[in-house]
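Trainee: One structure follows; several queries about it will come next.
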Amino acid sequence: MKQTSQHPRFFRMTREVIQVWKYSGRSFLLFEFVFKLLTITLFGPFFFVMFHKILALGGFQAVANQDLLRFLISPYGLLSLLILCPFAFVLIYAEFAVLIYLAYYGIQRTRISIKSILLLVVTRFPKLWGLGFIGGAFYLILLFPLFSEGIGASLLPGLRIPGFITGELSKTTLGTLALTLFLACVVILNILFIYALPILVLEPFSKFSKVFRKSIRLFWESKWVLIRTVLEWLFVSLFLLFITIILLIGTVMAGITFYKREFSTLEINFAFSSAFYGLTLLSTPLFTTVITCLYARYADQKDIQVPLKSVDKEVKEGQERNKSFVRRHVNKLLTSGLVLVLGWGIAAVWTDWGEQQEDWLIMAHRGDVRSGIENTMEAFEGAIRAGADYIELDVLQTGDGKLAVIHDQNLKRLSGKNVNVYDLTLEELQQITLKQGGFSGKIPSLDEVLDKLPKRIKLNIELKTHGYEHNYVDTFVETLRRHHVENNRIIVQSLEYDLVGQVKKLVPELKVGYIIFATFADLGRFNADFYVVEESFVNARRIASAKLAGKPIFVWTINTEEAVERYYTLGVDGIITDITAEARAVIRDLKEPVNRELP
1 MKQTSQHPRF
11 FRMTREVIQV
21 WKYSGRSFLL
31 FEFVFKLLTI
41 TLFGPFFFVM
51 FHKILALGGF
61 QAVANQDLLR
71 FLISPYGLLS
81 LLILCPFAFV
91 LIYAEFAVLI
101 YLAYYGIQRT
111 RISIKSILLL
121 VVTRFPKLWG
131 LGFIGGAFYL
141 ILLFPLFSEG
151 IGASLLPGLR
161 IPGFITGELS
171 KTTLGTLALT
181 LFLACVVILN
191 ILFIYALPIL
201 VLEPFSKFSK
211 VFRKSIRLFW
221 ESKWVLIRTV
231 LEWLFVSLFL
241 LFITIILLIG
251 TVMAGITFYK
261 REFSTLEINF
271 AFSSAFYGLT
281 LLSTPLFTTV
291 ITCLYARYAD
301 QKDIQVPLKS
311 VDKEVKEGQE
321 RNKSFVRRHV
331 NKLLTSGLVL
341 VLGWGIAAVW
351 TDWGEQQEDW
361 LIMAHRGDVR
371 SGIENTMEAF
381 EGAIRAGADY
391 IELDVLQTGD
401 GKLAVIHDQN
411 LKRLSGKNVN
421 VYDLTLEELQ
431 QITLKQGGFS
441 GKIPSLDEVL
451 DKLPKRIKLN
461 IELKTHGYEH
471 NYVDTFVETL
481 RRHHVENNRI
491 IVQSLEYDLV
501 GQVKKLVPEL
511 KVGYIIFATF
521 ADLGRFNADF
531 YVVEESFVNA
541 RRIASAKLAG
551 KPIFVWTINT
561 EEAVERYYTL
571 GVDGIITDIT
581 AEARAVIRDL
591 KEPVNRELP
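Each residue of the sequence shown is one higher than the one before, starting from 1 at the first, in full-length UniProt numbering.
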């Protein structure tokens with residue numbers, strides 16, 4: 001029978017969640033706290049070590065970009081999937097299973113120890129294997145993480161499409177349509193499979209196809225209630241966020257009054273980061289509570305196989321043991337809890353709070369596209385006005401061996417003409433009118449750029465390839481020497497590792513960097529003067545590997561003020577961005593003095 005209630009509908013789900021947390025709240029928080037610590041200290045390092053052992057076994061210790069494809073399609077790539085995916089699946093399933101059991105027992109107004117729930121979870125493992133495992137792994141490791149930012153598992157909080165992919169797709173109508181269609185499919189599938197987790201945990205299914213079919217049926221029966229619940233929790237979340245911000249502002253104001261000085265932006269950000277990291281302990285348990293409550297409302301109770309009566313004695317005995325233990329060790333528990341909370345807070349914000357950096361570089365990505373078409377002189381002039389430290393620009397070789405400043409090897413996106421750079425001479429290219437964002441312009445040559453810009457702003461020149469080059473590096477180096485550009489006014493970068501080495505060999509005094517959009521290796525393994533890493537692969541460990549190698553690390557392409565602030569505080573050496581003016585303003589605010597005395 002489906003559960004019914006005579007309570008009024010207004011904030012019904014909120015009241016149900018509060019009722020569940022009366023019985024399971026402490027267990028939710030304790031389990032999430034411990035599981036996140038284990039993920040940081042044990043599970044995460046295990047996956048890291050195992051994956052790098054497999055890379056080393058196959059001779060792939062220092063691979064990046066396209067070379068990663070060789071690893072993925074190699075026997076060693078298959079070996080990594082066969083070893084690591086089952087482990088990841090078990091850990092993700094175990095975390096959600098414990099939370100769902102806690103929520104279900106809370107719905108039944110029953111307290112149960114985490115130890116007993118872990119035993120229940122272990123008994124479920126044999127039923128997860130078989131032909132249906134692939135479907136479950138696909139859902140928990142790929143599909144759900146694409147949707148679960150902020151409510152996901154500790155091991156895999158969320159997955160995002162790399163920014164450089166979404167950015168490039170968004171520049172064309174077809175690409176925008178494809179991206180929108182893909183994201184819509186991800187959202188729709190996750191909504192249809194919203195009850196898959198509680199079904200998988202609370203019912204005896206072993207075939208994931210049956211789990212998914214039942215989830216779709218339950219979704220259809222509960223769709224209007226689900227919509228109301230989403231709206232209700234959107235309101236509740238905004239209210240809680242508002243209260244949190246008010247409390248933080250009050251704390252800061254009290255601190256200003258007490259210490260008689262203003263706090264720096266970094267100090268305030270530290271306080272906010274600490275608070276919001278603390279909220280991550282709540283987000284996943286709250287999500288599983290809401291979904292389990294809805295599931296319990298609409299599921300047929302005879303399908304749910306969870307022992308209730310058999311735990312009553314164990315619960316009472318456990319409560320007595322816990323009370324006795326707490327009475328005897330109350331001081332030790334309070335001290336240990338305080339140390340753990342402080343330690344977790346410091347570890348959590350460590351990667352989001354760094355020292356102020358004096359020499360932090362902002363590079364305008366293809367110039368300033370709000371002033372002109374990308375990679376044109378108008379965009380470059382706009383970047384100078386916006387306060388960029390460098391202009392990042394792209395170079396391709398034309399059909400007659402000249403060097404043109406253009407990103408795309410085909411001009412259809414910017415001109416509407418389906419012609420390739422390598423099929424035309426420089427003169428023919430410069431006769432084509434480009435159009436973008438309400439602007440029109442012409443393709444400049446590298447000679448034009450080097451003749452006009454290096455005395456006014458530094459340049460970061462990316463050497464791009466299309467596969468039809470002739471003496472490309474020699475031509476580029478000869479062009480630099482012909483213009484007598486000082487080496488401290490120009491740096492060079494490329495996605496092609498061979499090009500990095502060739503340029504460095506011909507011009508040892510020139511700073512040459514390696515662009516990386518995907519790698520699992522420490523950056524110090526790559527022989528380059530600096531690294532330019534796509535933001536999806538930037539983390540504290542990768543930054544540390546660059547610092548240990550004594551090389552600067554830059555991040556591309558950073559296009560929100562929040563991301564600018566994050567990477568500044570993470571300790572990278574600069575960014576490549578489309579929002580130069582906003583980035584400059586953010587850095588100016590972050591560099592405000594720390595110890596300004598109040599009157």
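Every residue gets a Cβ at the ideal spot worked out from N, C-alpha and C, and that includes glycine.
Rounded to the nearest angstrom, how far is the Cβ of Phe530 from that of Gly513, given a contact under 8 Å?
Mentor: Sure, about 4 Å apart at Cβ, within 8 Å.
Trainee: Output the residue ranges of the alpha helix (DSSP H) runs that lie fully inside the region 511-598 and measure 4 residues or longer, sorted by chain position.
Mentor: Segments of the alpha helix (DSSP H) lying fully in the region 511-598: 540-548, 561-570 and 580-590.
Trainee: Smallest Cα separation from Phe537: which of Glu32, Leu37 and Asn65?
Mentor: Closest option to Phe537, Cα to Cα, is Asn65.
Trainee: How is residue 621 classed by DSSP in three states: helix, strand or coil?
Mentor: Outside the displayed span of the chain (1 to 599) sits residue 621, for which this structure offers no information.
Trainee: Restricting to Cα atoms, I'd like to know which of Asp578, Lys210 and Val485 is closest to Asn375.
Mentor: That would be Asp578, whose Cα lies nearest to the Cα of Asn375.
Trainee: Nearest-angstrom Cα distance between Phe33 and Val90?
Mentor: Going by the C-alpha atoms only, they are around 19 Å apart.
Trainee: Which same chain residues, not among the five before or five after Phe43, have their C-beta less than 7 Å away from its C-beta?
Mentor: Closer than 7 Å at Cβ, skipping near neighbours: Leu91 and Leu155.
Trainee: By how many angstroms is the C-alpha of Arg541 removed from the C-alpha of Leu523?
Mentor: The alpha-carbon atoms of Leu523 and Arg541 are separated by roughly 10 Å.
Trainee: Let me know the beta strand (DSSP E) ranges lying completely inside the region 142-169, each 3 residues or longer, listed in chain order.
Mentor: Runs of the beta strand (DSSP E) inside the region 142-169: none found.
Trainee: Tell whether a beta-carbon distance below 8 Å holds between Phe520 and Leu55.
Mentor: Yes; because the gap between Cβ atoms is below 8 Å, this pair is in contact.
Trainee: Helix, strand or coil: how does DSSP classify Gln397 here?
Mentor: Strand at Gln397.
Trainee: Taking the alpha helix (DSSP H) that Glu509 belongs to, which residues open and close that run?
Mentor: Unbroken run through Glu509: none, as it is neither H nor E.
Trainee: Distance check for Pro552 and Val572, CA to CA, integer angstroms please.
Mentor: C-alpha separation (whole angstroms): 7 Å.
Trainee: Got a sec, what are the start and stop residues for the beta strand (DSSP E) His365 sits in?
Mentor: Run containing His365: Leu361 to His365, per the beta strand (DSSP E) assignment.
Trainee: For Ile391, count the other beta carbons within 10 Å of its own beta carbon; 16 or more makes it buried, fewer makes it exposed. Which is it?
Mentor: That one is buried.
Trainee: Hey, Arg584 and Gly387 are a contact pair by Cβ (cut 8 Å); roughly how many whole angstroms apart?
Mentor: Contact holds; Cβ gap of about 4 Å.
Trainee: Tell me the rounded alpha-carbon separation between Asn471 and Glu378.
Mentor: Whole-angstrom Cα-Cα distance: 30 Å.
Trainee: Taking all protein chains shown into account, decide if Lys464 is buried (16 or more other Cβ within 10 angstroms of its Cβ) or exposed.
Mentor: Burial call: buried.
Trainee: Cβ atoms of Ser440 and Val405: under 8 Å apart, would you say?
Mentor: No, the pair does not count as a contact, with Cβ atoms beyond the cut-off.
Trainee: Can you tell which of Leu143, Tyr93 and Lys115 has its C-alpha closest to the C-alpha of Pro126?
Mentor: Here the closest residue by C-alpha is Tyr93.
Trainee: The alpha helix (DSSP H) spanning Asn190 covers which residue range?
Mentor: Per DSSP, Asn190 belongs to the alpha helix (DSSP H) from Thr173 to Leu192.
Trainee: Please report how far the alpha carbon of Gln319 lies from the alpha carbon of Asn559, in whole angstroms.
Mentor: Because Gln319 sits at a pLDDT of 49, beneath the cut-off of 50, its placement in the model cannot be relied upon, and the following sentence gives the value as read from the coordinates. Each residue's alpha carbon lies about 53 Å from the other.
Trainee: For Gly574 versus Trp233, is the C-beta spacing smaller than 8 Å?
Mentor: No, Cβ-Cβ distance for Gly574 and Trp233 is not below 8 Å.
Trainee: In whole angstroms, give me the CA-to-CA distance for Asp368 and Ile576.
Mentor: If you take the alpha carbons of Asp368 and Ile576, they lie about 11 Å apart.
Trainee: Can you tell me which of the three DSSP states Ala62 falls into?
Mentor: In this structure, Ala62 counts as coil in the three-state DSSP scheme.
Trainee: Measure the alpha-carbon distance for residue 613 versus His407 and round it to whole angstroms.
Mentor: The structure shown does not extend to residue 613, since the chain spans only 1 to 599, so no value can be given for it.
Trainee: Where do the N-terminal and C-terminal ends of the alpha helix (DSSP H) with Leu121 fall, by residue?
Mentor: For the record, residue 121 in the displayed sequence is Val; it is not Leu. Start and end: Ile114 to Arg124.
Trainee: Could you check what DSSP says for Asn420 in three-state terms: helix, strand or coil?
Mentor: Looking at Asn420 - three-state DSSP - the assignment turns out to be strand.
Trainee: Once the 5 residues before and after Ile114 are set aside, which same chain residues still bring their CB inside 6 Å of it?
Mentor: Result list for Ile114: Ser27 and Phe31, in chain order.
Trainee: How would you write the range of the alpha helix (DSSP H) that residue 601 sits in, first residue to last?
Mentor: Lying before the first or after the last residue shown, residue 601 is absent from the chain, which here runs from 1 to 599.
Trainee: Just to confirm my understanding: we take Gln430, look at its own chain, exclude 5 residues before and 5 after, and list those with CB closer than 6 Å. What are they?
Mentor: So the list reads Lys442 and Ile443, once near-sequence residues are dropped.
Trainee: Just checking, does the region 190-209 make contact with the region 287-299 on the three C-beta pairs under 8 Å criterion?
Mentor: Yes: at least three Cβ pairs fall under 8 Å.
Trainee: Classify Ile249: buried if its beta carbon has 16 or more other beta carbons within 10 angstroms, exposed otherwise.
Mentor: The residue is exposed, with fewer than 16 neighbouring Cβ atoms inside 10 Å.
Trainee: Which residue marks the beginning of the alpha helix (DSSP H) containing Leu128, and which one marks its end?
Mentor: Per DSSP, Leu128 belongs to no alpha helix (DSSP H) and is neither H nor E.
Trainee: Indicate the three-state DSSP secondary structure (helix, strand or coil) for Ser445 in the structure shown.
Mentor: It is a strand residue.
Trainee: Less than 8 Å between the CB atoms is what I'm expecting for Gln493 and Asn527, so what's the real figure, rounded?
Mentor: Actually they do not touch by this definition, with Cβ atoms about 14 Å apart.
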